[in-house]
Amino acid sequence: MVKSSKTRTGSRKPVAKPAGNNRQDHLWSLGPPVEILRPDGRTVAKEEPDIAADDLLKMYRWMVNGRVFDERALKLQRQGRLGTYAPLSGQEAAQVGSAYALEQRDWLFPSFREHLALAVRGQSWSGILLYHGGSEEGGRVPEGINNFTPSIPIATQILHAVGVAWAAKLRGDPIVTLVYFGDGGTSEGDFHEGMNFAGVFQTPTIFFCQNNQYAISLPRARQTRAETLAQKAIAYGFEGVQVDGNDLLAVYQTTRQAMEKARQGGGPTLIEALTYRLGPHTTADDPTRYRQDEELQHWQERDPLIRMRLYLERRGDWDEARETALWEEAKADIAQSVTAYEQAPARDVEEIFKYTYAEMPWNLQEQLADLRAYLQESGGQLPE
Amino acid sequence: MAHLNLVQAVNQALLTEMARDERVLVLGEDVGLDGGVFRATEGLYEKFGPQRAIDTPLAEAGIVGTAIGMAVYGLRPVCELQFDGFMLPAFDQILSHASRLRGRSRGRFQVPLVIRAPYGGGIRALEHHSESPEQFYVHIPGLKVVIPATPADAKGLLISAIRDPDPVVFLEPKRLYRAFRQEVPEGDHAIPLGQARVARAGRDVTLIGWGAQVHTALQAAELLAAQEGISVEVLDLRTLSPLDLETISQSVEKTGRVVIAQEAPRSFGFSSELTALITERLFLHLEGPVVRVTGFDTAMPYFSLEQYYLPDVGRVARGVRQTLSA
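Chains as they are written, first to last, in numbering that gives the first Met the number 0: chain A, 0 to 383; chain B, 0 to 325.
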């Protein structure tokens, strides 16, 4: 707590302190990042984390599926079979640990890289491919899955997550919302306004920052002078915590704690998951222009999949045969999803107009009719 | 019937809908305890409490962005943005999300949201307090834009806007807030969106306006009838998007001459689109070019010169004479 010594000594004017002070003993210094697993798969503490073996295996399965999907999606894009795609490799633990921690009734708000988080919550891989294949149908989240559609403008979805949490609180529904954004997103005004509203109205919101170290080319240090992103929560009057984002168990446990706190009326939490994007920002990006090989290698050694596999092996829950079988199974599943995606029915041009309003107004009806007339004149298709 | 001015009618609409539907709530800056800077939300805090008449932090993107989430979750939020010139921080949320979520989610998520704001000049206010930004919003697919010109319409249109399944920008001509009173039906009084009103019937010229310009147009029509025997039909658009082209067509087919009066800057605005539509569809009925009487392609001047910027009775009447002499 800030000591109000100035008030006690009778000084009325606030005393301005020099800016840019880089001391390490700030009032707002947080503890070290939460860690449960070391990169070698050993636990930091002596005791085992209290997570059921079944959950551990399911989460690991999701991580492998995410990696397989990501590699396949990249190839599809290179082959011209998919549009621009934002790869997630390296961020599997951050996404699976957080999404798996939520309950079905909770709401999840992705930005544009959270394909794996969406899948963990029940969306199909083929639907996710469809979205990147240029069809709005891929954004149609099935009823019963409380995932929001992706938001591409940076940090804008943060306000929606706060709004849903706020509405649920007003209605007395005990749900929690979790919103993803990146390190770059914390520089946006919507991040500030969302955090501020959440603090003022104590909404049950988890702000989940995947700090993957870069916003396209710009390193984290150029987004803010602050030592951590997690400490920003303190300015809004709630808890911020850093977690090793490549440590599945630490992410899962920290998210569970934030979720339980929010559900019990304890308000929002900011979680900063320290992770790394192993691939490019999107398929249109060349990271060799701004990243060093040594850095990439450093993070490859901290691959969240390797860490989890070593942990499971050490526990006696895993072996080479199971590992091979899991990858084969994942590859077959993803291959099936690719087939389903590529067999999606052709779309009618009415799809352009249909969901603009609840009811199509005259101008849209007229424009659709005109487009149909044009297509009919040219034999049902756009002229070559 | 109650004898109300426009801001009281807005207040009545909010009271009516909040009493009828517990999902309706208002949020914005100073809308709770203070009752809003124009008193549009007066009494709501006392009647419905701080959870339905919500004072928010001073952040327009925050207000609209969180209200989008509320609307998606099933509430019916009505945001108040304090002045026309302060709507812009929320523009990204309106354009990129409120208007597009239905399409992006193929109908899974909808945003039944109303964004109210006082707009327009003529009250001798500070800079950024007298803007006419309707052209920005009519350009956005997925959004509806409503502008009442009378107390009875303000109530009826706001009630319909709140019940509408799509996001609505509801601009209130602040010059008219306390300009006059009118009988306003009590209780449930809904006027459908998308229907223009013939404010005065006439034969010679169709004069189209919205918001405060409707009254300038009516005065000009009165003057021209009394002094020059010109019969002007005045249309009050009420809803700019979606536009009631049918009422416009019926009038123009009858008169063959059109004048459009708008407060906003002249070029690339709503009057430009109206002119294009009329020219495309009613060309053979026209007996002369469409005349526009507008603000200028400048910033809204500070109030010592605003009376020259806003189309007044004389300038609108001059526009009518111009189209008749063409």
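All C-beta atoms in this analysis are idealised placements derived from N, C-alpha and C, irrespective of residue type, glycine included.
Residue i and residue j closer than 8 angstroms at C-beta
i: A:R219; j: A:D182; result: yes
i: A:F68; j: A:W106; result: no
i: A:W298; j: A:G89; result: yes
i: B:N4; j: B:R177; result: yes
i: A:S384; j: A:A334; result: Given a span of 0 to 383 for chain A in the structure shown, any question on residue 384 of chain A remains unanswerable.
i: A:F111; j: A:I174; result: no
i: A:V140; j: B:R38; result: no
i: A:R288; j: A:S216; result: yes
i: A:V240; j: A:T223; result: no
i: A:Q209; j: A:T274; result: yes
i: B:P362; j: B:F169; result: Here chain B has residues from 0 to 325 only, and residue 362 of chain B is not among them.
i: B:R115; j: B:C78; result: yes
Test: residue i CB closer than 8 angstroms to a CB of chain A
i: B:D29; result: no
i: B:L273; result: no
i: B:S270; result: no
i: B:Q11; result: no
i: B:P310; result: no
i: B:I67; result: yes
i: B:V168; result: no
i: B:G141; result: yes
i: B:P56; result: yes
i: B:G48; result: no
i: B:H284; result: no
Contacting residues, own chain, Cβ-Cβ under 6 angstroms from residue i (five flanking each side not counted)
i: B:S137; result: Note that residue 137 of chain B corresponds to Val in the displayed sequence, not to Ser. Hits under 6 angstroms: V144, L239, S240, F269.
i: B:P111; result: A70, R75, P164
i: B:V290; result: V258, G318, Q321, T322
i: A:H25; result: Unreliable positioning characterises A:H25 in this predicted model, as indicated by a pLDDT of 43, which lies under 50. A coordinate reading is not provided.
i: A:M307; result: Y59, L247
i: B:E21; result: none
i: A:P48; result: I35, L248
i: B:A224; result: none
Chain-order list of residues whose beta-carbon lies under 8 angstroms from that of residue i (same chain, five-residue window excluded)
i: B:M0; result: E182, V183, P184, E185
i: B:E305; result: G120, G121, R123, S129, M299
i: A:N20; result: Bear in mind that a pLDDT of 41 at A:N20, under 50, signals an unreliable position, so the model cannot answer this.
i: A:L73; result: Y84, P86, G278, T282
i: B:D187; result: T15, R19, I158
i: B:T254; result: G201, R202, D203, V204, T205, E232
Of the listed residues the options, nearest to residue i (C-alpha basis)
i: B:L94; options: B:G34, B:A260, B:I139; result: B:I139
i: A:I144; options: A:G121, A:S134, A:S97; result: A:G121
i: A:T185; options: A:I174, A:L309, A:A343, A:Q156; result: A:Q156
i: B:V204; options: B:G228, B:A211, B:R51, B:A189; result: B:G228
i: A:P303; options: A:Q76, A:P31, A:L228, A:P38; result: A:P38
i: B:D29; options: B:S266, B:M17, B:A52; result: B:A52
i: B:V312; options: B:R101, B:A211, B:A200; result: B:A211
i: A:K45; options: A:K260, A:I35, A:R288, A:R170; result: A:I35
i: B:R162; options: B:M17, B:G48, B:S324, B:S271; result: B:M17
i: A:E312; options: A:E102, A:P31, A:T42, A:L29; result: A:T42
i: A:F190; options: A:A229, A:K168, A:D172, A:N211; result: A:A229
i: A:Q212; options: A:R290, A:V199, A:G188, A:M258; result: A:R290
Neighbour flag for residue i against chain B, beta carbons, 8 angstroms
i: A:E136; result: yes
i: A:V14; result: Interpretation of A:V14 is limited by its pLDDT of 46, a score under 50 that renders its predicted location unreliable; the figure taken from the coordinates is listed afterwards. So, not an interface residue.
i: A:P203; result: no
i: A:F237; result: no
i: A:T227; result: no
i: A:W61; result: no
i: A:L158; result: yes
i: A:I127; result: no
i: A:V163; result: yes
i: A:G82; result: no
7 angstroms Cβ shell around residue i - same chain, five flanking residues per side excluded
i: B:A391; result: Summary: the structure shown does not reach residue 391 of chain B, with chain B confined to residues 0 through 325, and so no result is reported for it.
i: B:E59; result: L80, F85, M86, P88, A89
i: A:V250; result: A92, A93, G96, S97, V242, G244, A272
i: A:G132; result: L81, G82, Y340
i: A:R22; result: Because A:R22 sits at a pLDDT of 40, beneath the cut-off of 50, its placement in the model cannot be relied upon, and the following sentence gives the value as read from the coordinates. There are no such residues.
i: B:A222; result: Looking at the sequence shown, residue 222 of chain B is not Ala but Leu. Around B:L222: V312, A316.
i: A:G188; result: none
Beta-carbon neighbours of residue i, restricted to chain D and to distances below 7 angstroms
i: B:R105; result: Chain labels in this structure do not include chain D; the protein chains are A and B.
Secondary structure, alpha helix (DSSP H): runs of 4+ residues fully inside the stretch 331-360 of chain A
349-353
Curious, which full-length alpha helix (DSSP H) runs of at least 4 residues does the stretch 201-284 of chain A contain?
231-234, 247-262
Run through the stretch 173-204 of chain B for me and flag every whole beta strand (DSSP E) of 3 or more residues, listed as ranges in chain order.
181-183, 196-199
As an exercise, report each continuous alpha helix (DSSP H) stretch of at least 4 residues that is fully enclosed by the stretch 30-86 of chain B, in chain order.
43-47, 59-72
4 or more residues per run - each alpha helix (DSSP H) lying fully within the stretch 282-334 of chain A:
292-299, 303-314
Whole runs of the alpha helix (DSSP H) within the stretch 97-179 of chain B, excluding any shorter than 4 residues:
100-103, 133-137, 150-162
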